[in-house]
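> First, the structure itself, so that you have it in front of you.
Residue numbers (my numbering), protein chains in the order written: chain U, 314 to 462; chain C, 48 to 266; chain Z, 2 to 331.
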């Protein structure tokens, strides 16, 4: 995962094309805020927050949960628990998921990018609310390892 | 249409419809052909398609304002002189009545004429092709004798075969392919009016003429 | 290659339609929902006007004989690939032998009537008079100028190297992104037609105020609507004149018929108005038995609606380009 500064140009292009007005990313290298007021501007400053423990790639670790059981966002956008045309959520609390299954959708403008299960799991749970705005690396879904219910 | 001014209306944002005033006749149609030929050269138009004393003008893209093109059309109409498109006369052999003419009895009943009179009156004129439309290769013909005018059917027929010779109101025509029709079918002819592999694909064009030759009468 | 497995009626190969052939009596044909066709093609990196299969009757089943990227847009038909559920308005990949199955359109947030099976490379049938759309009357274009039958095998165009690659993501359906309703019913903007003022005031008011039901006699040729009878002030006999899809004719009996993609390109009935080109996709997706409303509009507003649809499509295109570029750099 590259630093937020390197991603600024890409993020700026995304913001121009969508309805997201403000995006703030915080990481060990500082804070990046991209605001869309008709045009996109970026502020980069020292982070006001204490450095988080864990990997120096700007991602937030979950307490005690191995990374292999967390599905993280690879995009900026709004998380959808269900396809906009359908009522039923993509992940049901007590049902197993299989590799490649769509767990959630990330909406960025008019695009719906599927979040896929990287492996089989007996149980998946959503870590963000329906409609929440997420950024690169944000944890989205927790997958119980095989053997756990 | 009895007003002296042409009428221009919109067909959604795709096209304009220009309607010539006055009685429907061949000199007016020849002016429509002239207008079509002029309008075809305008870059904002895709096609200028004659109808019966009217003209459909399809847009490449709809203009922001309509007044400019409307004024231009009216001016071009006023300047348009009848364009006598010389064309060929195509002779079609027709078998009148019988199974190929299922509505001959309705025409006889409506007009008060007998079978031989209807056949004689229908096959006498040379009919100019006013326009193409309705379905691929179909020709709208002018010049039908008013004595055999028969209103369109209240209930259209689901499928009339290609080659059906019919009367609808004051007009006559020949179907170029199988399809529904609200006209009164009085006979049948065999002729390929449309071949999509040819250039142009339609056999006939405005300015050509059709003559119906009596190949048989089934009583 | 795609093989049609089911006996589904009324499926045809369509693209964005045939233009420039009105002069020979050839109407446009083309997809009833052009927005859906375009979106499917954009996901796959096709030309926007690449040909696809339009489906109107379900269930439908087809087999991908080779590896193909495909996209299903239009009505949500609970599609499966080898039994595994697919999400609607999304592109995916099928291995050789993959079986695609669609059921009837679902009664979800939006119920459409027609689905589009788009494939990377497009359906490869000959171009006739500038288009691959099926011209049923006259029997040319599409696959042999006819509806598809069980056992038909459709060639798929080769995906050219310089084309954008397919992306296995989805697009928000325009029915949700660009909603248009009146009193809770799907609505269509209409420009009054040449004979609008030849109808009684009561009829004109009813035309805008009342819901219209899509009767079972509604298809690619025209949608017959039922509602209050529309009465002319005096009987009218019109000369045959050119028309376009969207024209709303009112024959004797007073029940309107909206001419659709396979309609005759000319007619002689009075025209009360025309559904604007930018809203034809909405009508094309109105199911039999559903009700719609008409919204009176002006030339300027009709152009604004057209601009809005074009701009939305441009946004989709731009986002897809960004997404493709992003994926390359990962």
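Using N, Cα and C, we set each Cβ at its ideal position, and we do this for glycine too.
Could you check if residue 100(C) is buried or exposed, using at least 16 other CB atoms within 10 Å of its CB as the buried criterion?
The residue given as residue 100(C) occupies position 53 in the second chain. Result: buried.
> Using a Cβ-Cβ cut-off of 7 angstroms (strictly less than) and excluding sequence neighbours within five positions of residue 217(C), which residues of its own chain qualify?
Within the second chain, the letter at position 170 stands for residue 217(C). Closer than 7 angstroms at Cβ, skipping near neighbours: 191, 193 and 196.
> I'd like to know whether the C-beta atoms of residue 123(Z) and residue 134(Z) end up nearer to each other than 9 angstroms.
Position 122 of the third chain, counted from the start, is the residue given in the question as residue 123(Z). Position 133 of the third chain, counted from the start, is the residue given in the question as residue 134(Z). No, these two residues do not count as a Cβ contact at 9 angstroms.
> Using a cut-off of 9 angstroms between C-beta atoms, extract the partners of residue 160(C) located in chain Z.
Along the second chain, read from residue 1 onward, the residue named residue 160(C) stands at position 113. What residue 160(C) touches in chain Z: nothing, since even the nearest Cβ is about 22 angstroms away.
> Taking its Cβ as the centre, do 16 or more other Cβ atoms sit within 10 Å of residue 56(Z), making it buried, or is it exposed?
By 1-based counting over the third chain, the position of residue 56(Z) is 55. Under this definition residue 56(Z) is a buried residue.
> Enumerate in chain order the residues of its own chain whose CB-to-CB distance from residue 87(Z) is below 7 angstroms, with the five nearest sequence positions on each side excluded.
For this step, residue 87(Z) is matched to residue 86 along the third chain. The residues are 73, 80, 81 and 93.
> Measure the alpha-carbon distance for residue 18(Z) versus residue 51(Z) and round it to whole angstroms.
On the third chain, residue 18(Z) is found 17 positions in, with the first residue counted as 1. On the third chain, residue 51(Z) is found 50 positions in, with the first residue counted as 1. C-alpha separation (whole angstroms): 10 angstroms.
> So the alpha helix (DSSP H) residue 119(C) belongs to, where does it begin and stop?
Position 72 of the second chain, counting from 1, holds the residue named residue 119(C). Taken as a continuous stretch (DSSP letters only), the alpha helix (DSSP H) holding residue 119(C) covers 114-126.
> For residue 185(C), would you say it is in contact with chain Z, using Cβ-to-Cβ distances shorter than 9 angstroms as the test?
By one-based count along the second chain, residue 185(C) stands at place 138. Yes, because at least one Cβ of chain Z sits closer than 9 angstroms to the Cβ of residue 185(C).
> Does residue 120(C) have its Cβ less than 9 angstroms from a Cβ in chain Z?
For the purposes of this step, residue 120(C) is identified with residue 73 of the second chain, where counting begins at 1. Answer no: the Cβ-Cβ gap between residue 120(C) and chain Z never drops below 9 angstroms.
> For residue 317(Z), count neighbouring C-beta atoms within 10 Å of its own C-beta (all shown protein chains included) and say buried if the count is 16 or more, exposed if not.
For the purposes of this step, residue 317(Z) is taken as the residue at position 316 of the third chain. Flag for residue 317(Z) reads buried.
> Can you pull the chain U neighbours of residue 77(Z), defined as C-beta to C-beta under 9 angstroms?
If you number the third chain from 1, residue 77(Z) lands on position 76. Simply 396, 398 and 399.
> Tell me, which residues are paired with residue 66(C) by DSSP?
Taking the second chain and counting its residues from 1, the one referred to as residue 66(C) is at position 19. Residue 66(C) is bridged to 54(C) and 101(C).
> With residue 403(U) and residue 416(U) assumed to form a contact (beta carbons below 8 angstroms), what rounded beta-carbon distance in angstroms separates them?
Against the first chain, residue 403(U) aligns to sequence position 90. Against the first chain, residue 416(U) aligns to sequence position 103. Right, the Cβ-Cβ distance comes to about 6 angstroms (below 8 angstroms), so this counts as a contact.
> Could you tell me whether the stretch 167-185 of chain C touches the stretch 207-224 of chain C, where touching means 3 or more Cβ pairs closer than 8 angstroms?
The stretch 167-185 of chain C, when compared against the stretch 207-224 of chain C, does touch it at the 8 angstroms Cβ threshold.
> For residue 365(U) and residue 382(U), I'd like the C-alpha separation in whole angstroms.
Walking along the first chain from the start, residue 365(U) turns up at place 52. Walking along the first chain from the start, residue 382(U) turns up at place 69. Confidence in residue 365(U) is poor, its pLDDT being 42 and thus under 50, which makes the residue's placement unreliable; the coordinate value appears in the next sentence. Between residue 365(U) and residue 382(U), the C-alpha separation is close to 20 angstroms.
> Please compile the residues from chain Z whose C-beta is within a distance smaller than 7 angstroms of the C-beta of residue 96(C).
Walking along the second chain from the start, residue 96(C) turns up at place 49. In chain order: 23, 24 and 243.
> Any beta carbon from chain Z within less than 9 angstroms of residue 180(C)'s own beta carbon?
Here the question's residue 180(C) lines up with position 133 in the second chain. Judged by the 9 angstroms Cβ criterion, residue 180(C) is in contact with chain Z.
> Give me the Cα-Cα distance between residue 327(Z) and residue 13(Z), rounded to the nearest whole angstrom.
Walking along the third chain from the start, residue 327(Z) turns up at place 326. Walking along the third chain from the start, residue 13(Z) turns up at place 12. Taking the straight line from one Cα to the other gives about 36 angstroms.
> With a threshold of 9 angstroms between beta carbons, is residue 423(U) in contact with chain Z?
Within the first chain, residue 423(U) is the residue found at index 110, counting from 1. It does; some Cβ of chain Z falls within 9 angstroms.
> State whether the stretch 164-184 of chain C contacts the stretch 30-43 of chain Z, with contact taken as three or more CB pairs (one from each stretch) at a distance under 8 angstroms.
They do not touch, by the three-pair rule.
> Spell out whether any CB of chain Z is found under 9 angstroms from the CB atom of residue 218(C).
Here residue 218(C) refers to the residue found at position 171 of the second chain. Cβ-Cβ to chain Z under 9 angstroms: yes for residue 218(C).
> Please return the same chain residues whose Cβ sits closer than 6 angstroms to the Cβ of residue 315(U), not counting the five positions on each side in sequence.
Indexing the first chain from 1 puts residue 315(U) at position 2. Only weak support exists for where residue 315(U) lies, its pLDDT of 46 falling under 50; the coordinates are left without a value.
> Nearest-angstrom Cα distance between residue 157(Z) and residue 433(U)?
As a working note, residue 157(Z) is residue 156 in the third chain. As a working note, residue 433(U) is residue 120 in the first chain. Roughly 34 angstroms separates the two Cα atoms.
> What does the alpha-carbon distance come out to for the pair residue 453(U) and residue 256(Z)?
Position 140 of the first chain, counted from the start, is the residue given in the question as residue 453(U). Position 255 of the third chain, counted from the start, is the residue given in the question as residue 256(Z). Each residue's alpha carbon lies about 54 angstroms from the other.
> Spell out whether any CB of chain Z is found under 9 angstroms from the CB atom of residue 165(C).
Taking the second chain and counting its residues from 1, the one referred to as residue 165(C) is at position 118. By this cut-off, residue 165(C) is not an interface position.
> Among 407(U), 426(U) and 398(U), which one has its Cα closest to the Cα of residue 438(U)?
Stepping through the first chain from its first residue, residue 438(U) is reached at position 125. Per the Cα distances, 407(U).
> Going along chain Z in order, which residues have a C-beta closer than 8 angstroms to the C-beta of residue 71(C)?
Numbered from its first residue, the second chain carries residue 71(C) at position 24. Chain Z residues near residue 71(C): 240.
> How long is the line joining the alpha carbons of residue 326(U) and residue 447(U), rounded to whole angstroms?
Within the first chain, numbered from 1, the residue matching residue 326(U) stands at position 13. Within the first chain, numbered from 1, the residue matching residue 447(U) stands at position 134. Those two C-alpha atoms are separated by around 17 angstroms.
> Could you check which residue in 154(C), 98(C), 59(C) and 213(C) has the C-alpha nearest to that of residue 66(C)?
For this step, residue 66(C) is matched to residue 19 along the second chain. Ranking the options by Cα distance to residue 66(C), first place goes to 98(C).
> Grab me the residues of residue 40(Z)'s own chain with a C-beta within less than 6 angstroms of its C-beta, minus the 5 sequence neighbours each way, in chain order.
Here residue 40(Z) is taken as the residue at index 39 of the third chain, counted from 1. The residues are 74 and 172.
> Along the beta strand (DSSP E) that carries residue 259(Z), what are the first and last residues, could you check?
The residue labelled residue 259(Z) in the question sits at position 258 within the third chain. Residues 258-260.
> Rank 215(C), 209(C), 167(C) and 174(C) by C-alpha distance to the C-alpha of residue 138(Z) and give the top, closest one.
Numbered from 1 along the third chain, position 137 holds the residue referred to as residue 138(Z). Measuring from the Cα of residue 138(Z), the nearest candidate turns out to be 209(C).
> Give every residue of the same chain whose Cβ lies closer than 6 angstroms to the Cβ of residue 237(C), excluding the five residues on either side of it in the sequence, and list them in chain order.
Numbered from 1 along the second chain, position 190 holds the residue referred to as residue 237(C). Taken in chain order, the residues that qualify are 210.
> By DSSP, does residue 161(Z) sit in helix, in strand, or in coil?
For the purposes of this step, residue 161(Z) is taken as the residue at position 160 of the third chain. Correct three-state label for residue 161(Z): coil.
> Take residue 23(Z) as the anchor and find which of 78(C), 255(C), 266(C) and 61(C) has the nearest alpha-carbon.
Your numbering for residue 23(Z) matches position 22 in the third chain. Ranking 78(C), 255(C), 266(C) and 61(C) by Cα distance to residue 23(Z) puts 61(C) first.
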